[in-house]
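Structure first, commentary second.
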Amino acid sequence: MLLKPGADISYLKPPIRKKLNTLDQIVRKITNSEMVITETRGTGHMPSSLHYADLAIDIRLPPSNPGLLVNAIKESLGQDYDVILEKDHIHIEYDPKNP
1 MLLKPGADIS YLKPPIRKKL NTLDQIVRKI TNSEMVITET RGTGHMPSSL HYADLAIDIR
61 LPPSNPGLLV NAIKESLGQD YDVILEKDHI HIEYDPKNP
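Numbering (our numbering), first residue to last: 1 to 99.
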């Protein structure tokens, strides 16, 4: 797992931090490269963003088939996590839904 300069994982709360190794394994399996975390709690997010609650990360898009990676991550993390394909990254957040 690699970190873009400025992406600090030390602030991440357990529900997202505990998934980093799993995410890296999925990225490696599908892309044959390390996961790159591009954003954690940086600025420029919507005020209600879970980045500010230390419950979200952004990762670099793979060079091809980003949908395949998104689907694999969604399947692995389950319904308490949102995985969103953005135009220049994949956003992953812990956002449990009430039953």
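Note that CB positions come from ideal geometry on N, CA and C, so glycine has one too. In this text, all values refer to a predicted model and were calculated from it rather than measured experimentally.
Residue closest to residue i, alpha-carbon to alpha-carbon, out of the options
i	options	result
P96	L85, L77, A7 and E86	L77
V70	I92, I57 and A56	I92
D54	P14, K87, K4 and P63	P14
N65	P47, P5, N21 and I90	I90
R41	P5, R28 and D24	P5
L23	I57, T43 and M46	I57
K87	R17, P62, M46 and P47	P62
Alpha-carbon to alpha-carbon, residue j and residue i
i	j	result
M35	I26	9 angstroms
T31	I59	13 angstroms
Y81	E75	10 angstroms
A7	T38	6 angstroms
L68	S49	25 angstroms
S33	L20	15 angstroms
T43	I9	15 angstroms
R28	I16	18 angstroms
Classification of residue i by the beta-carbon crowding that lies within 10 angstroms, buried from 16 upward
i	result
Y11	exposed
L84	Note that residue 84 is Ile in the sequence shown, not Leu. By the neighbour-count rule (16 or more Cβ atoms within 10 Å), I84 is not buried but exposed.
Discussion item. Threshold first: 3 residues or longer. Then list the beta strand (DSSP E) segments lying entirely within the stretch 13-78, N to C.
Written reply: 36-39 and 56-59
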